[in-house]
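K.L.:
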Amino acid sequence: MTKIILNGKEVEADPAKPLVAACHAHGADVPVYCYHPGLTPVGSCRICQVEVKQGALPPRVVAACRTSVTEGMIVETESAAAHAVRRACLEFLLKDHPLDCPICDKAGECDLQDFAFAEGQSKGRTVEPRRPGAKRQSFGEVILYDRERCILCSRCVRFFTDVTGKPQLTVAGLAARSTIATWQDRPLEGNYQGNLADVCPVGALTLKKFRFQARVWNLAKTASTCGECSRGCAITVEVLRGGAVRRLRPRYDEQVNRWWMCDHGRFSFDRFDAPGRIAGVRIRGARGFEPASAAAGVERLADTLRVHSPAILVGSPWLTVEEGRLLAALAAALGAETGFVSPPPCPLKDDLLHTGDPCPNRRGLTELGLAGRPAAEWLPRLAAAEAAVLVGERCAELLGREGLAALPAALRLATLDTTVLDVPATVLALGVPNAAERTGTWINADGIRRTIGAARPAPAGTPPLTRTLEDLLQAVRRPAEVLAR
Amino acid sequence: MSGDEAQSPPASPDAAAPAVLPPRLVAEIEEIVTHYPHRRAALIPALHRCQEELGGWLSPAVLEACAALFGLEPVEVFGVASFYPMFHLRPVGKHVVNVCHNIACHIRGAEEILRRAGEVTGARPGETSPDGQWTVKRVECQGACTNAPMIDLDGAYHEGVAAADLAGILAGGTPPSTAAGARHARARTREHATYLLDRIAAPDSHTLAAYRRAGGYSALEKVLRRGTSPAEVIALVKESGLRGRGGAGFPCGLKWSFMPDPAKDPRPHYLAVNADESEPGTCKDRVLMERDPHGLLEGILLACYAIQAPTAYIYVRGEYRRQYDAVQAAIDEARRAGLVGPRVLGTGFACEVWLHKGAGAYICGEETGLMESLEGKRGHPRPKPPFPAGAGLWGNPTTVNNVETIFNVPFIVARGPAWFRSMGTEKSTGNILVGVSGHVERPGVYELPLGTPARTILEDCAGGVWKGRRLGFWIPGGSSTGLLPPSTIDVRMDHDSLAAAGSMLGTASMIVFDDTACPVDAMEVIARFYDHETCGQCTQCREGTLWLHQIFRRIEHGAGRMEDIDLIADLAAGMAPAKTICALSDAAAIPARSIVRHFRADLEEHVRRGGCPHAREAGARLQPAEVHA
Numbered sequence: 001m002t003k004i005i006l007n008g009k010e011v012e013a014d015p016a017k018p019l020v021a022a023c024h025a026h027g028a029d030v031p032v033y034c035y036h037p038g039l040t041p042v043g044s045c046r047i048c049q050v051e052v053k054q055g056a057l058p059p060r061v062v063a064a065c066r067t068s069v070t071e072g073m074i075v076e077t078e079s080a081a082a083h084a085v086r087r088a089c090l091e092f093l094l095k096d097h098p099l100d101c102p103i104c105d106k107a108g109e110c111d112l113q114d115f116a117f118a119e120g121q122s123k124g125r126t127v128e129p130r131r132p133g134a135k136r137q138s139f140g141e142v143i144l145y146d147r148e149r150c151i152l153c154s155r156c157v158r159f160f161t162d163v164t165g166k167p168q169l170t171v172a173g174l175a176a177r178s179t180i181a182t183w184q185d186r187p188l189e190g191n192y193q194g195n196l197a198d199v200c201p202v203g204a205l206t207l208k209k210f211r212f213q214a215r216v217w218n219l220a221k222t223a224s225t226c227g228e229c230s231r232g233c234a235i236t237v238e239v240l241r242g243g244a245v246r247r248l249r250p251r252y253d254e255q256v257n258r259w260w261m262c263d264h265g266r267f268s269f270d271r272f273d274a275p276g277r278i279a280g281v282r283i284r285g286a287r288g289f290e291p292a293s294a295a296a297g298v299e300r301l302a303d304t305l306r307v308h309s310p311a312i313l314v315g316s317p318w319l320t321v322e323e324g325r326l327l328a329a330l331a332a333a334l335g336a337e338t339g340f341v342s343p344p345p346c347p348l349k350d351d352l353l354h355t356g357d358p359c360p361n362r363r364g365l366t367e368l369g370l371a372g373r374p375a376a377e378w379l380p381r382l383a384a385a386e387a388a389v390l391v392g393e394r395c396a397e398l399l400g401r402e403g404l405a406a407l408p409a410a411l412r413l414a415t416l417d418t419t420v421l422d423v424p425a426t427v428l429a430l431g432v433p434n435a436a437e438r439t440g441t442w443i444n445a446d447g448i449r450r451t452i453g454a455a456r457p458a459p460a461g462t463p464p465l466t467r468t469l470e471d472l473l474q475a476v477r478r479p480a481e482v483l484a485r
Numbered sequence: 001m002s003g004d005e006a007q008s009p010p011a012s013p014d015a016a017a018p019a020v021l022p023p024r025l026v027a028e029i030e031e032i033v034t035h036y037p038h039r040r041a042a043l044i045p046a047l048h049r050c051q052e053e054l055g056g057w058l059s060p061a062v063l064e065a066c067a068a069l070f071g072l073e074p075v076e077v078f079g080v081a082s083f084y085p086m087f088h089l090r091p092v093g094k095h096v097v098n099v100c101h102n103i104a105c106h107i108r109g110a111e112e113i114l115r116r117a118g119e120v121t122g123a124r125p126g127e128t129s130p131d132g133q134w135t136v137k138r139v140e141c142q143g144a145c146t147n148a149p150m151i152d153l154d155g156a157y158h159e160g161v162a163a164a165d166l167a168g169i170l171a172g173g174t175p176p177s178t179a180a181g182a183r184h185a186r187a188r189t190r191e192h193a194t195y196l197l198d199r200i201a202a203p204d205s206h207t208l209a210a211y212r213r214a215g216g217y218s219a220l221e222k223v224l225r226r227g228t229s230p231a232e233v234i235a236l237v238k239e240s241g242l243r244g245r246g247g248a249g250f251p252c253g254l255k256w257s258f259m260p261d262p263a264k265d266p267r268p269h270y271l272a273v274n275a276d277e278s279e280p281g282t283c284k285d286r287v288l289m290e291r292d293p294h295g296l297l298e299g300i301l302l303a304c305y306a307i308q309a310p311t312a313y314i315y316v317r318g319e320y321r322r323q324y325d326a327v328q329a330a331i332d333e334a335r336r337a338g339l340v341g342p343r344v345l346g347t348g349f350a351c352e353v354w355l356h357k358g359a360g361a362y363i364c365g366e367e368t369g370l371m372e373s374l375e376g377k378r379g380h381p382r383p384k385p386p387f388p389a390g391a392g393l394w395g396n397p398t399t400v401n402n403v404e405t406i407f408n409v410p411f412i413v414a415r416g417p418a419w420f421r422s423m424g425t426e427k428s429t430g431n432i433l434v435g436v437s438g439h440v441e442r443p444g445v446y447e448l449p450l451g452t453p454a455r456t457i458l459e460d461c462a463g464g465v466w467k468g469r470r471l472g473f474w475i476p477g478g479s480s481t482g483l484l485p486p487s488t489i490d491v492r493m494d495h496d497s498l499a500a501a502g503s504m505l506g507t508a509s510m511i512v513f514d515d516t517a518c519p520v521d522a523m524e525v526i527a528r529f530y531d532h533e534t535c536g537q538c539t540q541c542r543e544g545t546l547w548l549h550q551i552f553r554r555i556e557h558g559a560g561r562m563e564d565i566d567l568i569a570d571l572a573a574g575m576a577p578a579k580t581i582c583a584l585s586d587a588a589a590i591p592a593r594s595i596v597r598h599f600r601a602d603l604e605e606h607v608r609r610g611g612c613p614h615a616r617e618a619g620a621r622l623q624p625a626e627v628h629a
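Each protein sequence line maps, in turn, to chains S and P.
Counting from 1, one number per residue, gives the positions in the first sequence under our numbering.
Counting from 1, one number per residue, gives the positions in the second sequence under our numbering.
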């Protein structure tokens, strides 16, 4: 580590990283556009100017992203000289900017907006008409490009070159006439396009799927973990005013996904608000599935399991470690067979993040002694049982509706899922929170434990799955005579 | 249109179908590839060959084929090709007429040439005539400033063009100019020692025989036969005080001494010769390349020996075809004579020299932009440090020297540092090629000792301001050195004197304007150039050059505001000094600052009168609605 004096305080700086990284690490809010810690620095936007003094040399204002730290370097990020250069740079950046923040999806998390505000840039000096540029240019299924908002920082170009290894974008042309382009206006390819909207410091590259969906300041952001593969990328789940999940975004995690996530995971949030969601419990009665309280649901299920044996408990691959532990305990208490559904491998496997295993907690569940079996192995076992419980969201989905519909009606099938499984065998459906509504631990393919966070409350009357499983465990352990009463 | 293209099937509707490059062309490209340690470096020369052979433009199919040939993604090749103005990414006419509209040509009638070209061809600038015969392009400085105005017709320069003669030229009735050296360069106008241009008067001055006759390659022989060490050669050059002739004036020997010792740093060492002469007003290197290529070559061999670089690349601007061919012929001759190759003059000194063709981007004359371009990329300058001597071409130690700088070296080695120091001033030693263009009687490239007063050059060499007029203003060293008032014409043309006068020697390329010329008009043209040529990386430069151009355009055409004048100064202060990766931003800001400093009254008068007060020879100017176009 190298010692530098940053704004009057001695701090340690990583000599392998540029000066701007040290500034950011120690709370100095130096603006950046072209610099991104995950991309090769180019030093072209010139906004990260800070004043440095080295040895006997007079102070200089330098681009912090292309300056190495040296022992004893004195760095002033807020000097008048540094601010003057940054302000000039901002004025140039804003010269032809459309200032369409009111309709820009980036507004509220836009570095251009924020730094312009921070520098108090309130008055334009240009009378030149703002240059028109391409608007709403499609870069494929995921991304829209707006040349007018683009500041040509080239982060997007470098994302493909540096991160995915296959260049798909270029700065085309020369001078202010430059633009960002794909080859022959062809759509971008691959499973990582959504990251462009994250690396873009302004509103030039936006997600088609997020277009006009929310003002970002109305989104409540909760740290969580992506459940689409066993990488378990760190994410934030972003919920609009306590309602729908509008966006998933990667969250920096040095060990897991750094700054990135795949599109498959990013756009998996629709399932959180899929139709058919139930609040509380449904019990099959004479007139179909009738609502009941959570307590009544647990009682009914415990009764069923006490009376009908053998029972089988099939877990969802999305169960957390905490839920899996209770499932194993419940199975032990009942002497029932258990395990989890092992989803088929996903063809999206790549060398970057996607592991190809859609089970985010295989490792955690396996360590609990729960065995993963494919749906085809579970269905005959279910058919042979007297009672069965499908534990956790999407368990039924993975087992397949067709197979479940073919189960004998005599099987007493209960689900702990987000929707009612309307097949002849179903007697009971206990609603559970989905992955946006519960907390717990997943252990990824590399053995790294990460937490999923509750981004919003579960529907009314829907207790956490752990709570339901605990209640069930208590209920089935109660003496038979109590139950019989 | 080439036979190969004529025989090829009609364009496939599927743009993804790779074009089959003719095998002969592929073989040629593969040969070019062998000049470099990395395949990609041959990309730009390959694109040139494809454009030349395959219909004058680079179709998507050709770009894809090149991408496949170089193991690149098509989007990368597109990014590169789109950076360079010489590459056409759309079909062009059978004939391409490039008309220089930069400052030296502008003030000698470029707009009239453009108008006439439009009448003759039916193609407006930037367009192709309806019959597909002609494409007319406005281009920036082509390096023929002393013979302005000029056009480039299908790759051949026609210089000193009169609008009245244009129809004849386009009809093919006029041979191309062999301008370099022949028409205007005068070796000697006053009583002072000369050496740079001494040989070029001979009609065969470009040949090895002529060069040998004049004592050529004796400096190289002296060094190699006597076993002079590389360090001793560097010491000689240091002692001579030779400063770079490319614009910055950095001491050449000192630059060489930054190169690491190969015994301690085994990475390959390179010399890159900057022959991308493109600073507006500058056209001196082309004289040397065309008329005295062996002089350059001997300098290169000595420089390579000194910095212990077994490989040299000469980055020649793509427009300089005649000069490229002349240097290539010299290299071929020298190779046959054992002067270039694995055993130079039969000694253990190995030196390969390769020509590399640029494609028309001013920024590639900046040394790090040049290296990026030589590596087959967009010519985006690199931040320094690291400096080229530490990490240059492909990350290896590299020295970049201007043609004229290198050209001085054999003389210094042969005649000694003391002789060299006997010319010029104490801190600016030797002679320098001074180009004089613009409103003078005898524009030309002149050899003069550094420190010669500008007035002497103007009056004695260039015959004074033309048409008996008086000096209006002038530019001392290429357009980036700024506009100076007539009161400064007694300044001495050396680095320190011009720095003291608030300007720079630059490339010592004087552009002279008579008293009917308008500094604001000149500034608009200069600002247009930097707006066109900034690589676009750095914010201040990309947006600042555009903004300055817009403001000067407004002022010149009647939409100026008084507050614009201070705004210009403010913007210039935001762009320079040292705000950006390279000095192009400075090059654009310096002239802007200079006009505010020296010609504020002219700017104010433009604003007050709502337009340019100067009489126009060129005729109609822009309509108000066009000002913002």
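Heads up, the beta-carbon is just placed ideally off N, CA and C, and yes, glycines get one too.
Should Pro360 of chain S and Pro345 of chain S be called a contact, given that it needs their Cβ atoms to be closer than 9 Å?
P.N.:
no
K.L.:
If you follow the alpha helix (DSSP H) that Tyr305 of chain P is part of, which residue opens it and which one closes it?
P.N.:
Pro293 to Ile307
K.L.:
Relative to chain P, which residues along the segment 167–188 of chain S have a C-beta separation below 8 Å, given in chain order?
P.N.:
Pro167, Gln168, Leu169, Thr170, Val171, Ala172, Gly173, Leu174, Ala175, Ala176, Arg177, Ser178, Ala181, Thr182, Trp183 and Gln184
K.L.:
Any idea what DSSP makes of Ala182 of chain P, helix, strand or coil?
P.N.:
Per-residue confidence for Ala182 of chain P stands at a pLDDT of 42, beneath the threshold of 50, marking its modelled position as unreliable; the derived number appears in the next sentence. Secondary structure at Ala182 of chain P: helix, using DSSP grouped into helix, strand and coil.
K.L.:
Between Leu416 of chain S and Val216 of chain S, what straight-line distance do the alpha-carbon atoms span, to the nearest angstrom?
P.N.:
33 Å
K.L.:
Specify, as a first and last residue, the run of the beta strand (DSSP E) that Tyr530 of chain P falls within.
P.N.:
Secondary structure note for Tyr530 of chain P: it is in no beta strand (DSSP E), and the uninterrupted alpha helix (DSSP H) holding it is Pro519 to Glu533.
K.L.:
List the residues of chain S that Ile568 of chain P touches, going by C-beta distances under 9 Å, in chain order.
P.N.:
Result: empty, since nearest Cβ-Cβ is about 11 Å, beyond 9 Å.
K.L.:
Using only alpha-carbon positions, find the residue among P:Val491, P:Arg492, P:Leu571 and P:Pro486 that is nearest to Ala527 of chain P.
P.N.:
When C-alpha distances from Ala527 of chain P are compared across P:Val491, P:Arg492, P:Leu571 and P:Pro486, the shortest belongs to P:Leu571.
K.L.:
Assuming Ile47 of chain S and Phe117 of chain S form a contact by the criterion Cβ under 8 Å, report the distance between their Cβ atoms to the nearest whole angstrom.
P.N.:
Going by Cβ atoms, the distance from Ile47 of chain S to Phe117 of chain S rounds to 14 Å, so no, they are not a contact pair.
K.L.:
Which of the three DSSP states is assigned to Trp354 of chain P in this structure?
P.N.:
strand
K.L.:
Whole angstroms is fine: what's the gap from Ala384 of chain S's alpha carbon to Thr426 of chain S's?
P.N.:
15 Å
K.L.:
Quick test of your reading: Pro397 of chain P and Asp566 of chain P, contact by CB under 8 Å. State the CB separation rounded to the nearest angstrom.
P.N.:
About 46 Å separates the two Cβ atoms, so there is no contact after all.
K.L.:
Assuming Arg40 of chain P and Phe78 of chain P are in contact, meaning their beta carbons sit under 8 Å apart, how far apart are those beta carbons, in whole angstroms?
P.N.:
Not quite, the Cβ-Cβ distance comes to about 14 Å (not below 8 Å), so this is no contact.
K.L.:
Which ranges would you report for the beta strand (DSSP E) in the segment 262–305 of chain S if only whole runs of at least 3 residues count?
P.N.:
281–285 and 288–292
K.L.:
Tell me which residues of the segment 140–174 of chain P have at least one Cβ-Cβ distance to chain S shorter than 8 Å, keeping chain order.
P.N.:
Cβ contacts with chain S come from no residue of the segment 140–174 of chain P.
K.L.:
Take Phe250 of chain P and list the residues in its own chain whose beta-carbon comes closer than 6 Å to its own, dropping the five residues that flank it on each side.
P.N.:
Gly244
K.L.:
Can you have a look at Asp14 of chain P and say buried or exposed, based on whether 16 or more other CB atoms are within 10 angstroms of its CB?
P.N.:
With a pLDDT of only 43 at Asp14 of chain P, under 50, the local geometry of the prediction cannot be trusted, and the value read off the model is given with reservation. Classification of Asp14 of chain P: exposed, given that the 10 Å Cβ count is below 16.
K.L.:
Assuming Ser240 of chain P contacts Pro449 of chain P under a Cβ cut-off of 8 Å, what Cβ separation, rounded to an integer in Å, is found between them?
P.N.:
Rounded, the Cβ-Cβ distance is 14 Å, inconsistent with contact.
K.L.:
Kindly list, in the order they appear in chain P, the residues whose Cβ is closer than 9 Å to that of Val85 of chain S.
P.N.:
Chain P residues near Val85 of chain S: Gln540, Gly574 and Lys579.
K.L.:
Near Ala22 of chain S, which residues of its chain fall below 6 Å by C-beta distance, leaving aside the five closest residues on each side in sequence?
P.N.:
Ala13 and Val69
K.L.:
Check whether the segment 395–413 of chain P touches the segment 215–234 of chain P, counting contact only when three or more Cβ pairs, one atom from each stretch, lie closer than 8 Å.
P.N.:
yes
K.L.:
Which residues share a DSSP beta bridge with Pro250 of chain S?
P.N.:
S:Ile235
K.L.:
With a threshold of 8 Å, are at least 3 pairs of Cβ atoms found where one atom belongs to the segment 428–448 of chain P and the other to the segment 547–557 of chain P?
P.N.:
no
K.L.:
Per the DSSP calculation, Met150 of chain P is bridged to which residue(s)?
P.N.:
P:Glu159
K.L.:
For Pro275 of chain S and Thr466 of chain S, what's the separation of their Cα atoms in angstroms?
P.N.:
24 Å
K.L.:
Does Met259 of chain P come out as helix, strand or coil in the three-state DSSP assignment?
P.N.:
In this structure, Met259 of chain P counts as coil in the three-state DSSP scheme.
K.L.:
Indicate whether Arg382 of chain P and Gly390 of chain P have their beta-carbon atoms separated by less than 9 Å.
P.N.:
With contacts defined as CB atoms closer than 9 Å, Arg382 of chain P and Gly390 of chain P fail to qualify as a contacting pair.
K.L.:
Given this structure, state the Cα-to-Cα distance separating Gly372 of chain S from Thr366 of chain S, to the nearest angstrom.
P.N.:
7 Å
K.L.:
Would you say Thr96 of chain S faces chain P, with C-beta separation under 9 Å as the test?
P.N.:
Position check: residue 96 of chain S holds Asp in this sequence, whereas Thr was assumed. It does: the Cβ of Asp96 of chain S has a partner Cβ on chain P nearer than 9 Å.
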